[in-house]
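K.L.:
Please see the structure below; I have some questions.
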Amino acid sequence: MSFFAIGDIQGCYDGFRTLLDRIHFNPAADTVWLAGDLVNRGPGSLDTLRFVRQHPAFSVVLGNHDLHLLAVAFGGASLRRKDTLRQILDAPDAAELLQWLAQQPLMLTGQSVSGLSLAMTHAGIPPHWTISKTQSLAGELETAIREAAANPDSDHFLRHMYGNEADQWKEALDGTLRLQAIANYLTRMRFIDNDFRMDLNLKEDVDSAPSNLKPWFTYPRPDKVRILFGHWAALEGEAASSYAIALDAGYVWGGHMKAVNIDTITDNNDHVAIEVSAPMEQVPTG
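Numbering of the sequence shown is given in the UniProt record's numbering, commencing with residue 1 and proceeding in unit increments.
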């Protein structure tokens, strides 16, 4: 029995299956956490959703591309030029797949075999949110997403999901701005300032940030939780952090797809990682 975490798949089904072969995935015995962005940009989003849904061994958190798919399906959002989601929307089992996706959480928690506390969200957890607070806020957003999928004709959150205005958490936030802020922290966060305000436009590597911004995972936390996250391909699967482990190594952009053996994580955050490289001929779709 093995326990793995895998970074962003983004519709790269063949690479995902190759990585599962590399880690000797046993669907009857293993547990695999997936860090979100199952779909989009790669050519196999439909196959990825079908395969993950089929196997209870997988636990999923929603990423920003997954939320975009749900907003297109249930909220009237438009497909973007670089999206590769049409295959899902036109599939004969689209309704079942989309309803399944809408039921997935924003956060996972657990323990390694050595007793280390674990948490996963797509983009990370801001340092001023405790784990219990994050669970509560993630639950608010999960409820809103599930209500939207159940009542797509209503004036629901997925019709108002997009926006950079909600870039700083305030307890007084309510309504759409509150849900936007939760979604932005859990699925889009990269750089934050000392007031924990996000820069939602900067997507490059750590050295590209202005002096007032730092990666969220470089700020201290009061707990000892290990946070597993994807989303930030420019990190190439490496985070200089005492508590966070980056999983997105940019396979869809010609990099690697990464799996971490969770039960090998040590007190000082060392761990065993297994990667597969993207094919040399792979051309990013944007």
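Glycine residues also receive a C-beta, built at the ideal position from the N, C-alpha and C atoms.
Predicted model only: the values in this text are computed from it and were never measured.
(1) Would you grab the beta carbon distance between Trp-100 and Arg-53 for me? Rounded to a whole angstrom, and I think it's under 8 angstroms.
(2) According to DSSP, is Gly-254 helix, strand or coil?
(3) Can you tell me where the beta strand (DSSP E) with Ala-119 in it begins and where it stops?
(4) Label Ser-241 either buried or exposed according to how many other C-beta atoms from any shown protein chain fall within 10 Å of its C-beta, with 16 as the threshold for buried.
(5) If we call anything under 8 angstroms between Cβ atoms a contact, is Asp-14 one with Gly-44?
(6) Which one or two residues does DSSP pair with Arg-226 in a beta bridge?
(7) Under the three-state reduction of DSSP, which class applies to Gly-110: helix, strand or coil?
(8) Among Ile-88, Arg-188, Gly-163, whose alpha-carbon lies nearest the alpha-carbon of Thr-176?
(9) Just reading off the alpha helix (DSSP H) that Glu-275 is part of, what are its end residues?
(10) Exposed or buried, which one is Leu-202 when buried takes at least 16 other CB atoms within 10 Å?
(11) According to the neighbour-count rule (16 or more other Cβ atoms, all chains shown, within 10 Å of its Cβ), is Pro-279 buried or exposed?
(12) Could you tell me whether any Cβ in chain C is nearer than 8 angstroms to the Cβ of Leu-49?
(13) Does DSSP put Asp-199 in a helix, in a strand, or in coil?
(14) Looking at the unbroken beta strand (DSSP E) that takes in Ile-245, where does it start and where does it end?
(15) Considering only the beta carbon of each residue, do Leu-85 and Asn-40 sit closer than 8 angstroms?
(16) May I ask you to list the residues that DSSP assigns as paired with Thr-31?
(17) Taking the straight line between their C-alpha atoms, what separation do you get for Leu-158 and Ala-73?
(18) If I follow the unbroken alpha helix (DSSP H) through Ser-59, where does it start and stop?
(19) Nearest by alpha-carbon distance to Asp-8: which of Asp-270, Glu-165, Asp-223, Met-120 is it?
(20) With DSSP as the reference, please indicate the residues paired to Pro-215 in a beta bridge.
(21) Look at Ala-35 and Leu-186 and say whether their C-beta atoms are less than 8 angstroms apart.
(22) Kindly indicate which three-state DSSP category Ala-240 falls into: helix, strand or coil?
(23) Take Gly-286 and list the residues in its own chain whose beta-carbon comes closer than 8 angstroms to its own, dropping the five residues that flank it on each side.
(24) When you compare only the Cα positions, how much space is there between Ala-71 and Glu-140?
(25) Let me check understanding here. Comparing Cα to Cα, which of Leu-79, Leu-98, Met-1 lies closest to Leu-38?
(26) Taking a contact to mean a Cβ-Cβ separation below 8 angstroms, would you say Asp-30 touches Ser-2 in this structure?
(27) Residue range of the alpha helix (DSSP H) that Asp-14 falls in?
(28) By the three-class DSSP mapping on this structure, what secondary structure does Asn-64 have?
(29) Quickly, what does DSSP pair Asn-261 with across the bridge? List them, please.
(30) Quick one: is Thr-48 buried, meaning 16 or more other Cβ sit within 10 Å of its Cβ, or exposed?
(31) Per DSSP, what kind of secondary structure is Tyr-185 in: helix, strand or coil?
P.N.:
This is what the structure holds:
(1) 5 angstroms
(2) coil
(3) 117-120
(4) buried
(5) yes
(6) Leu-118
(7) strand
(8) Gly-163
(9) Glu-275 -> not in any alpha helix (DSSP H); beta strand (DSSP E) instead, spanning 272-277.
(10) exposed
(11) exposed
(12) Absent here is chain C; the protein component of the structure consists of one chain.
(13) strand
(14) 244-246
(15) yes
(16) Phe-3
(17) 9 angstroms
(18) Careful: Ser-59 lies outside any alpha helix (DSSP H), inside the beta strand (DSSP E) at 58-60.
(19) Met-120
(20) Phe-191
(21) no
(22) coil
(23) Its pLDDT being 47, under 50, Gly-286 is placed unreliably in this model, and the value from its coordinates should be taken loosely. Counting only Cβ-Cβ distances below 8 angstroms, and skipping sequence neighbours, we find Arg-41, Arg-81, Lys-82.
(24) 17 angstroms
(25) Leu-98
(26) yes
(27) 13-22
(28) helix
(29) Phe-4, Val-272
(30) buried
(31) helix
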